[in-house]
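Everything below concerns the one structure shown next.
There are 4 protein chains.
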Amino acid sequence: MLMKYSFRNDYSEFAHPGILTALSEIGDTQFEGYGLDEYCALSAELIRNKINAHSADVHFLSGGTQANLVVISSALRPHEAVIAPGSGHIYMHETGAIEATGHKVCTREGYDGKLSVDDIKSVVDEHSDEHMVKPRLVYLSLSTECGTVYTNDELSAISKYCRDNALYLYIDGARLGAAINSPACDLTYADVAVLSDAFFIGGTKNGALFGEAIVITNETLKKDFRFYLKLRGALLAKSAVIGLQFRELFTDGLYDDLALRSNSMARKLADGIRSLGYNFLFPVETNIIIPVFPDSIAQALHRLYGFYDWQKIGDKTAVRLLTSWATPESIIYDFIADLFDLT
Amino acid sequence: MLMKYSFRNDYSEFAHPGILTALSEIGDTQFEGYGLDEYCALSAELIRNKINAHSADVHFLSGGTQANLVVISSALRPHEAVIAPGSGHIYMHETGAIEATGHKVCTREGYDGKLSVDDIKSVVDEHSDEHMVKPRLVYLSLSTECGTVYTNDELSAISKYCRDNALYLYIDGARLGAAINSPACDLTYADVAVLSDAFFIGGTKNGALFGEAIVITNETLKKDFRFYLKLRGALLAKSAVIGLQFRELFTDGLYDDLALRSNSMARKLADGIRSLGYNFLFPVETNIIIPVFPDSIAQALHRLYGFYDWQKIGDKTAVRLLTSWATPESIIYDFIADLFDLT
Amino acid sequence: MLMKYSFRNDYSEFAHPGILTALSEIGDTQFEGYGLDEYCALSAELIRNKINAHSADVHFLSGGTQANLVVISSALRPHEAVIAPGSGHIYMHETGAIEATGHKVCTREGYDGKLSVDDIKSVVDEHSDEHMVKPRLVYLSLSTECGTVYTNDELSAISKYCRDNALYLYIDGARLGAAINSPACDLTYADVAVLSDAFFIGGTKNGALFGEAIVITNETLKKDFRFYLKLRGALLAKSAVIGLQFRELFTDGLYDDLALRSNSMARKLADGIRSLGYNFLFPVETNIIIPVFPDSIAQALHRLYGFYDWQKIGDKTAVRLLTSWATPESIIYDFIADLFDLT
Amino acid sequence: MLMKYSFRNDYSEFAHPGILTALSEIGDTQFEGYGLDEYCALSAELIRNKINAHSADVHFLSGGTQANLVVISSALRPHEAVIAPGSGHIYMHETGAIEATGHKVCTREGYDGKLSVDDIKSVVDEHSDEHMVKPRLVYLSLSTECGTVYTNDELSAISKYCRDNALYLYIDGARLGAAINSPACDLTYADVAVLSDAFFIGGTKNGALFGEAIVITNETLKKDFRFYLKLRGALLAKSAVIGLQFRELFTDGLYDDLALRSNSMARKLADGIRSLGYNFLFPVETNIIIPVFPDSIAQALHRLYGFYDWQKIGDKTAVRLLTSWATPESIIYDFIADLFDLT
């Protein structure tokens with residue numbers, strides 16, 4: 300029997316139809332290479348307006364790991380290090396991409412996939428002299444790998460600590476849309492721009508064919524950034540293709556609409572699962588939910604749906620389910636019905 | 300007055316219409332992430348058939364600089380170095396991307412953008428002990444940055460020398476289509492696969508929206524290659540988007556058709572320029588031509604067309620003109636007519 | 300009042316007199332540069348005999364951090380990582396030197412500064428695919444940063460696990476003499492050579508003016524090692540100066556004599572401290588001891604002796620005391636007497 | 300028959316007797332680790348006085364390649380590159396140590412082992428945009444690998460160009476003593492300090508057991524330099540051993556005396572060779588001389604003396620002869636006599 304649906308990722312479909320249509324309509328007009336074209340210029344302006352940061356630099360590139368490694372390796376001197384939660388994407392799931400550029404990632408376990416000011420402070424306090432790396436940049440994901448979000452209070456406190464302690468604050472926004480459009484998150488895009496030094500707005504996981512937009516508000520980090528993109532192989536000849544996609548995403552609110560729909564599907568799915576008596580490992584806040592099922596039920600579900608196991612807990616298994624802008628509502632009800640039958 | 304046309308690059312248009320159509324037709328089918336999807340699998344097979352290398356590994360990624368740095372940094376130990384022509388893309392126009400992964404690029408001037416066996420041998424002979432890097436990989440472009448191609452004899456001689464001297468041979472095929480489809484080139488794709496250890500087939504510069512296909516025939520270089528892609532930020536979540544494009548390019552001969560058309564436009568342009576009494580810096584063999592004009596004419600042309608100056612030679616300027624699959628034939632005649640008027 | 304004595308390090312004195320005498324007696328004889336001299340050759344042979352590994356390669360270089368980074372960066376491919384205890388010197392006190400060569404260090408807390416097979420296995424099991432680094436080398440210190448040693452059983456189990464799982468085993472022997480000459484350690488130098496792939500024998504912390512001897516028994520790791528030394532700036536022109544010192548250390552058992560004396564002073568010191576009712580954070584096994592004192596006593600001792608605080612534990616402080624080959628026995632009694640007065 | 304004498308290097312002897320005596324007299328006094336001791340402090344002060352740069356930072360480390368790679372990798376951002384003569388030590392004879400830290404070395408052939416302002420300018424002018432590295436540091440050797448020196452006019456012009464163009468000027472002073480004490484060189488140590496941003500004073504090649512002193516006058520380059528030393532494995536626990544040696548070298552003019560004697564032996568040797576009718580490849584200015592002999596004579600001399608061939612020129616061979624502070628004058632006359640016999 301074939302798998303009914305995959306909840307493995309939010310990037311399992313090509314792209315939102317509007318984006319594909321826009322690409323098709325371009326024809327063979329010529330454009331400048333390497334991000335110096337009109338589409339990138341326009342999308343950068345749309346983004347600056349959206350985030351209310353009119354002097355921000357915006358760069359387009361192809362993927363999230365690339366965005367993380369370019370920004371971080373550009374911001375740091377050789378002896379400087381990153382502070383990240385142990386669950387952070389750069390620490391666990393990027394094959395040592397940051398270390399490959401020469402920098403240590405110092406971690407704390409954090410809570411719900413998040414770092415607290417105390418976590419950050421404990422790393423800073425531990426690193427006291429030249430026999431240890433010098434922490435210089437805090438890496439956060441918004442939303443996190445656990446599907447959770449930072450509140451304005453939480454992020455503001457981190458931002459203040461960073462500024463008081465000469466730390467850059469960089470935010471991995473692969474799922475920034477899901478975060479900003481979460482009812483649990485009282486942050487706006489403008490807040491994120493004000494509180495951080497750089498972040499990226501993820502297209503790949505929110506309806507684009509591919510592509511991310513790096514936003515830099517810190518003047519020091521802006522300098523020579525196109526060199527850094529090029530030397531890491533991240534300056535695409537046809538950046539215009541990404542620029543055009545972000546034009547679509549940031550015109551008429553498409554980016555938020557897609558994230559809202561994705562979150563909404565996750566919430567319906569979570570409500571159904573909870574109504575059948577199951578709990579979740581982390582608060583349900585965005586389009587990643589991590590319910591805990593008895594092993595037998597998790598295994599039975601694996602025969603019907605695609606998803607990854609997150610963690611074994613005694614005779615139970617926490618599993619990770621992702622929805623996307625494209626998840627059909629009917630599939631949500633199928634899943635809940637199947638779970639009801641198995642329960 | 301606006302510029303009539305840009306001869307700056309062969310990647311100034313989005314993509315061939317067939318590719319855009321194929322992308323549009325996908326709908327919201329789900330596919331596996333990170334190149335494990337059916338499109339990548341199918342395109343890899345199409346490529347293996349095309350190059351007659353049935354056990355080759357094929358990987359898709361987003362750009363040429365990225366392809367170069369991933370392959371080269373994966374092939375070398377820390378003390379090992381690359382041999383390249385001084386005009387090689389990795390040496391001059393990738394912002395030190397190879398050095399940024401820790402490796403020296405040793406150059407010889409070569410001829411017509413190409414390396415000879417003697418050039419390679421002179422680098423090898425010069426590096427005799429542990430106070431010097433150990434040359435380990437020869438980097439060639441096919442076609443070259445000068446628009447020229449290697450003949451089968453030339454490439455075979457280099458390949459033999461490399462194998463006799465424990466050097467990998469890696470070919471930058473950003474414009475492989477233009478090379479193979481050049482009348483000056485008696486190499487087939489299969490020859491390239493047999494003679495080299497790894498190469499890439501460029502999509503970006505031959506009609507794709509973006510994307511390149513790395514082909515690895517050497518068993519040692521195959522090992523753990525997906526780790527290398529990931530750690531350099533080159534393993535795209537939506538690799539399927541590239542896979543699909545290569546399906547289009549390698550079905551019904553589209554890849555060759557586009558290259559042939561591009562070469563054909565360049566040849567017509569070169570014939571016209573030559574008929575007006577101008578010479579070329581290098582043999583006209585593919586879609587890059589480098590005529591030499593008096594400064595005044597070069598300057599006048601700059602007011603009408605987009606192109607880059609290549610080199611000042613006394614009171615003359617060698618300029619680089621590129622055609623693409625999309626260059627209208629009418630523009631070729633416009634250029635020749637304008638040049639005639641200026642002459 | 301001046302400090303009576305420093306227990307901060309075991310490298311606070313220049314060198315054992317025999318070594319200085321040997322250096323003085325050389326005169327202006329000429330020798331070959333870069334470790335190709337007769338002293339290095341002789342000392343390598345003395346070491347090979349001592350460790351009963353007659354085909355081992357031996358290289359001399361100036362310091363421990365350098366030894367660690369040269370060996371580790373030479374052994375690993377770009378995506379490969381190190382497994383180390385969280386207290387390991389490379390992780391905590393080398394300013395990210397390993398990461399600066401591009402490699403992640405994966406840690407487990409371990410016990411008494413040591414890793415167990417289960418610790419190592421848990422790292423290996425966690426790293427399952429190309430989105431994560433590939434653990435490839437286990438780093439241990441012998442003796443550890445906590446002053447403890449591995450038993451033959453412990454190290455043999457680790458060695459077996461490593462060989463069964465394609466992991467290199469590399470041992471930081473900055474204090475190898477102290478370990479081998481510890482009553483708690485039933486390992487011989489020959490055991491260490493047999494069980495590991497590479498290790499270094501520390502001179503700096505056991506009576507040399509400076510210098511360490513890297514021993515490589517694994518054939519793969521031997522290859523091109525002098526290139527690696529050179530490219531990291533570790534191939535000293537006057538390596539002969541280190542070679543000569545190791546001739547002294549490994550003639551007539553000086554290396555062991557110095558370590559035994561150092562351990563013996565530590566044991567006397569520990570016995571005295573224990574007799575006054577204090578406990579230790581870790582077993583007392585070599586020349587590093589970490590007693591726990593009430594804060595007030597620790598502070599009072601700081602006014603008399605040099606040492607570092609290790610850890611705050613409630614209203615107590617664990618402090619680290621090191622002895623060396625040169626520590627006068629009288630100072631041990633002074634310390635105990637002072638502690639008695641303070642108690 | 301045994302070789303009479305080696306002219307291969309100026310580091311073939313252990314150390315000047317005064318230095319060995321000083322080391323022997325230390326006894327077992329305790330000192331601080333990692334360069335925080337009184338010897339390093341005193342020698343730094345002696346050097347600051349000698350170079351008349353009272354706010355310079357001085358750091359001691361073990362070798363020249365290490366000094367070069369630590370300074371250069373610390374000064375540059377990832378996309379920045381070095382400008383060096385093609386004969387520069389970092390380019391030819393350090394196994395890619397600079398590239399291993401991620402940076403390209405851009406070369407010009409120069410003249411007599413030296414770079415001119417025009418050479419430097421031509422590299423800067425060539426690098427115009429983000430597709431190329433950004434030249435940021437000029438590397439010179441003083442004296443050069445060819446035995447030549449820069450005059451005050453030459454170095455001042457380079458220094459001015461560097462400051463006008465935001466380039467750091469870094470000088471490899473492995474043989475700085477030989478340069479400053481050359482009759483062809485009108486530079487003082489103070490001039491070197493004023494004209495450059497950082498340089499090192501070589502001990503290894505001028506009588507020390509080992510060790511170099513890095514001098515940093517540029518405020519930006521001073522920052523966090525001890526971190527950089529540590530992360531490259533260059534912060535020796537027993538830096539005091541180097542500090543003490545520099546105390547000897549910079550007390551009572553020993554450093555200059557040794558360099559003068561070395562130069563003087565080279566000049567006598569050169570005068571003798573010239574008197575027999577032979578020419579030199581470069582001006583004879585310091586303790587490296589490169590005479591050109593017929594092949595047969597070069598080969599005959601190889602049977603008597605140790606030296607390296609520099610270059611084949613038709614049926615002649617240019618050979619490199621080095622003298623040191625320890626070269627006996629009698630050996631000079633032996634060589635000339637032997638050459639006379641062979642001529």
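These protein sequence lines are chains Y, G, D and C, in that order.
Using the numbering used here, you'd call the opening residue of the first sequence number 300 and step up by one each time.
Using the numbering used here, you'd call the opening residue of the second sequence number 300 and step up by one each time.
Using the numbering used here, you'd call the opening residue of the third sequence number 300 and step up by one each time.
Using the numbering used here, you'd call the opening residue of the fourth sequence number 300 and step up by one each time.
The beta carbon of each residue, even a glycine, is placed where N, CA and C say it ideally should be.
One alpha carbon belongs to V583/D, the other to L368/D, and they sit about 29 Å apart. The Cβ atoms of I397/G and Q544/G do not sit closer than 7 Å to each other.
In this structure, G510/G sits away from F639/G, with a CB-CB distance that is not shorter than 7 Å. A check of alpha carbon separations from A558/C across I479/C, Y604/C and R376/C identifies I479/C as the nearest. In the DSSP assignment, Y488/C falls within the unbroken alpha helix (DSSP H) covering Y488 to L494.
When rounded, the separation of the alpha-carbon atoms in F549/D and V357/D is 13 Å. Ranking D556/C, L494/C and Y449/C by CA distance to the CA of A483/C puts Y449/C first.
Residue pairing from DSSP places E379/Y in a beta bridge opposite K433/Y.
For the 7 Å CB-CB criterion, Y467/D and A374/D form a contact. Close CB contacts of D418/G within its chain, under the 6 Å cut and outside five residues either way in sequence, are with R407 and G409 (chain order).
The Cβ of A399/Y sits closer than 7 Å to at least one Cβ of chain D. Interface flag for F359/C against chain Y is unset, since no Cβ pair is found closer than 7 Å. DSSP places C405/C outside any alpha helix (DSSP H); the residue lies instead in the beta strand (DSSP E), whose first and last residues are V404 to R407. With fewer than 16 other CB atoms across the displayed protein chains lying within 10 angstroms of its CB, I612/G is exposed. Shown here for T447/C: same chain residues with a beta carbon closer than 8 Å to its own, the five before and five after excluded, namely D411, G412, K413, A483, F581, P582, E584 and T585 in chain order.
For the segment 413-435 of chain G, the set of residues with a beta-carbon nearer than 7 Å to any beta-carbon of chain D comprises E429, H430 and K433, in chain order. At a cut-off of 7 Å between beta carbons, T394/Y contacts chain D. Counting only Cβ-Cβ distances below 7 Å, Y469/D has no contacts in chain G at all, with the closest Cβ about 16 Å away.
Along the length of the segment 549-590 of chain Y, whole alpha helix (DSSP H) runs at least 4 residues long occupy 553-574, reported in chain order. Bounds of any alpha helix (DSSP H) do not take in V448/Y, whose DSSP letter is neither H nor E. Per DSSP, I397/Y is one residue of the alpha helix (DSSP H) stretching across A396 to A399. If you draw a straight line from the Cα of V423/G to the Cα of G385/G, it is about 16 Å long.
Of the candidates S361/Y, P627/Y and V591/Y, V591/Y places its Cα closest to the Cα of D614/Y. G501/G is positioned such that its CB atom lies closer than 7 Å to that of R474/G. Membership of I325/C in any alpha helix (DSSP H) is not indicated, and neither H nor E is assigned to it by DSSP. Annotation for G363/D: the continuous alpha helix (DSSP H) segment containing it runs G363 to A374. Boundaries of the alpha helix (DSSP H) harbouring D417/D: V416 to E425, taken from the DSSP string. Chain-order list of chain G residues neighbouring H402/C: G395, E398 and A399, by C-beta distance under 9 Å. Closer than 7 Å to the CB of K521/C there is not a single CB belonging to chain Y.
Here D309/G really is in contact with T622/G; their C-beta atoms are around 7 Å apart, less than 8 Å. At the C-beta level, W624/D and R546/D stay beyond 7 Å of one another. For L638/D, none of the residues of chain G pass the 8 Å Cβ criterion, the least Cβ distance being about 50 Å. Of the residues assessed, Q610/D falls on the exposed side of the cut-off, its CB having fewer than 16 other CB atoms within 10 angstroms. The beta carbon of Y607/D lies closer than 8 Å to those of R307, V618 and R619 in the same chain, with the five residues before and after it left out.
Its Cα nearest to that of I596/D, the residue L575/D stands out among C405/D, I587/D and L575/D. The Cβ-Cβ distance between Y469/G and L436/G falls below 7 Å.
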